[in-house]
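Structure record follows, encoded as structure tokens.
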Amino acid sequence: MKTTAVVTLACLASASAFAPSSNGARVSTSLDAEKKSLFRTIAEMDLFAPKADQNDYGARNKKNIGTAKLGSNSYIPAGLTKAQYEAIRAADEKKKAENYQKNVSKAGKFLDYTKFYMERGTDTSEAWNKDINKGHRMAKTKYDWSGQQSDAKGWFSK
Numbered sequence: 000m001k002t003t004a005v006v007t008l009a010c011l012a013s014a015s016a017f018a019p020s021s022n023g024a025r026v027s028t029s030l031d032a033e034k035k036s037l038f039r040t041i042a043e044m045d046l047f048a049p050k051a052d053q054n055d056y057g058a059r060n061k062k063n064i065g066t067a068k069l070g071s072n073s074y075i076p077a078g079l080t081k082a083q084y085e086a087i088r089a090a091d092e093k094k095k096a097e098n099y100q101k102n103v104s105k106a107g108k109f110l111d112y113t114k115f116y117m118e119r120g121t122d123t124s125e126a127w128n129k130d131i132n133k134g135h136r137m138a139k140t141k142y143d144w145s146g147q148q149s150d151a152k153g154w155f156s157k
């Protein structure tokens, strides 16, 4: 019993030695002066403040990016001159820019589901369910799978 009491007192004494003092004096810090929590400080950070539109769709056109210029030690494929290779790279860069611009022009355009739902007639009847495609809009395909013959000559005929 005496041993248990001695061990308990020793544990309490060592625990109180490492506990902070509670004399009421509090050291102020610069974060404490603002009275903001760490989460609030992080949440209110605006990482895009210098350039707010840098991640908008189409912002690539505002950035200074492109294919590097050919120098004296640059790789040039065998069989091409430097001018020919630069022309090929410029054409590729132009094609890439046109494709990006085409995609930028489509940004934000979408089909309103409610409008589609009303046009299909889902809200008034089940006639759409008897259709072969069950009311879905079908994507365009490269070939005509309808089975109808066409007299128009395609790229594959002479």
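For the sequence shown, numbering that gives the first Met the number 0 begins at 0 and goes up steadily by one. Here a beta-carbon is modelled for each residue, glycine too, at the ideal position from N, C-alpha and C.
- For N102, the uninterrupted alpha helix (DSSP H) segment begins and ends at 81 to 104.
- Distance between T113 and T123, taken at the CA atoms: about 13 Å.
- For M117, the three-state secondary structure derived from DSSP is helix.
- Looking at E85, G146, G120, the one whose alpha-carbon comes closest to that of S71 is E85.
- Between G134 and the set A48, R119, I41, Q148, the nearest pair of CA atoms involves R119.
- Judged by DSSP in its simplified three-state form, W127 adopts helix.
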